[in-house]
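What follows is a single structure, written as C-alpha cells, with notes after it.
Okay, structure coming up:
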C-alpha cells in the first residue's frame, strides 16, 4: 500500500498527559511493558512524530480523535526529540528510514478496556552512540516487567532450540528452560549459578588459595553465604552470580525472530559452565580430606572448614527445586 501522504501534526496538550500521569501515581498504578520495532522516515520533527504515532496506531488510542492523543504520547518522554536531533546532528545528517524500538508501558488492570498505555520510551538500536544518552530511567518494576515480556516471548524459541540438542546436555538445558518457564517472572529471570572461575578458585587447596585469599574473594558479602557481588581469583575479576536467562533476554530483546544459532551457543555455554564446575568439584572431593583428618605434618590437600561449608551449601542448592543446580542433580553424567 502506498503512503497516504502527510498526516496531521496537531496533538493533545501536554498538560492533559501530565494530569493523567499524576492521577496514575495517586492510584498507585503498576505497568507491564511490551516492545515494538518500527521503521519511520526521518523528516521534520512534527511530521516524524506524527508518523511514529501512526505506526503505533494499533497499540494506542488513535482513530477516535484522529491521532491527536497518540501524537502527544509519543512526544511525552522526550526520547523521540533527542533521537531526531542526534540523527540530524551527525557529520552526515541521517536520511531515510530509522529503526526505532518502542517500549509501551501499559496499565495493569483486570479489565482489558482499562489497560491504557501510559507512557512510551524510544531507542534507536542501530545507533548505540546516540541511544545511550536516552537510556530509560524507569523504575525497577517497569524494567522487570518489560524483561518479563521478553522472557515470555523468547521461552518458546529456547524450547525449540533445546529440542535439537542431543544427550544429557540437551536434557539439562531443557530442564533449565522448563524451570524458568515454571517459575513466575521475575523469578525466572533471576535464576543464577555461581561463577565457575570463582567457585573453583575458592575451593582450591590452601597451597594456592588460603583463608586470606578466600576472604578477599567474598568481601561483598562479608564472607557469608550465599556469595554475591564481585570476586577476584588472584588473576581476574568476575561476578559470583551469573544469570543465564537475564542475559539471553538482554541479547535477544530486539531481535524478531530470535537468533536461534546464537541462542543455542549461549545455552550450551551456560550448561557447560555449571556441569564442568560439578565435574571438577567431584574430582577434587575424591582427592581431598576433611580438615579434621589433617595430620601433624600438615596436608596441603585437606578440605578447610570454610570450603566444606561452601560445598555443603552447593549441595543444599542442588536439592532446591527452584534453583538451576537441581536440574544437574537429577541429570548427571555417567
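In my numbering, the protein residues as written are 762 to 1095. Ideal Cβ placement from N, Cα and C applies to all residues, glycine included.
Check whether residue i and residue j have beta carbons under 8 angstroms apart
| i | j | result |
| --- | --- | --- |
| residue 723 | residue 1091 | Residue 723 lies beyond the residue range present for the chain, which begins at 762 and ends at 1095; the question has no answer from this structure. |
| residue 820 | residue 878 | yes |
| residue 962 | residue 952 | no |
| residue 864 | residue 794 | yes |
| residue 1001 | residue 995 | no |
| residue 943 | residue 1067 | no |
| residue 1009 | residue 1085 | no |
| residue 1071 | residue 986 | yes |
Top-ranked residue by Cα proximity to residue i, from the options
| i | options | result |
| --- | --- | --- |
| residue 1026 | 869, 863, 804, 923 | 923 |
| residue 791 | 979, 868, 830, 852 | 868 |
| residue 826 | 1046, 946, 771 | 771 |
| residue 1035 | 921, 823, 959, 862 | 959 |
| residue 949 | 979, 843, 956, 908 | 908 |
| residue 808 | 845, 783, 990, 781 | 845 |
| residue 928 | 861, 1020, 1029 | 1029 |
Classification of residue i by the beta-carbon crowding that lies within 10 angstroms, buried from 16 upward
| i | result |
| --- | --- |
| residue 1037 | exposed |
| residue 872 | exposed |
| residue 1032 | buried |
| residue 835 | buried |
| residue 824 | exposed |
| residue 851 | exposed |
Span separating the alpha-carbon of residue i from that of residue j
| i | j | result |
| --- | --- | --- |
| residue 779 | residue 839 | 13 angstroms |
| residue 885 | residue 847 | 10 angstroms |
| residue 774 | residue 830 | 8 angstroms |
| residue 895 | residue 833 | Because residue 895 carries a pLDDT of 35, less than 50, the predicted location of this residue cannot be relied on, and the following value inherits that uncertainty. Near 18 angstroms, if we compare the C-alpha coordinates of residue 833 and residue 895. |
| residue 921 | residue 859 | 31 angstroms |
| residue 822 | residue 828 | 7 angstroms |
| residue 997 | residue 1088 | 29 angstroms |
| residue 881 | residue 786 | 16 angstroms |
| residue 972 | residue 1065 | 9 angstroms |
| residue 934 | residue 925 | 11 angstroms |
| residue 875 | residue 1041 | 54 angstroms |
Original post:
Contact between the segment 794 to 802 and the segment 816 to 834: three or more CB pairs below 8 angstroms?
Top reply: yes
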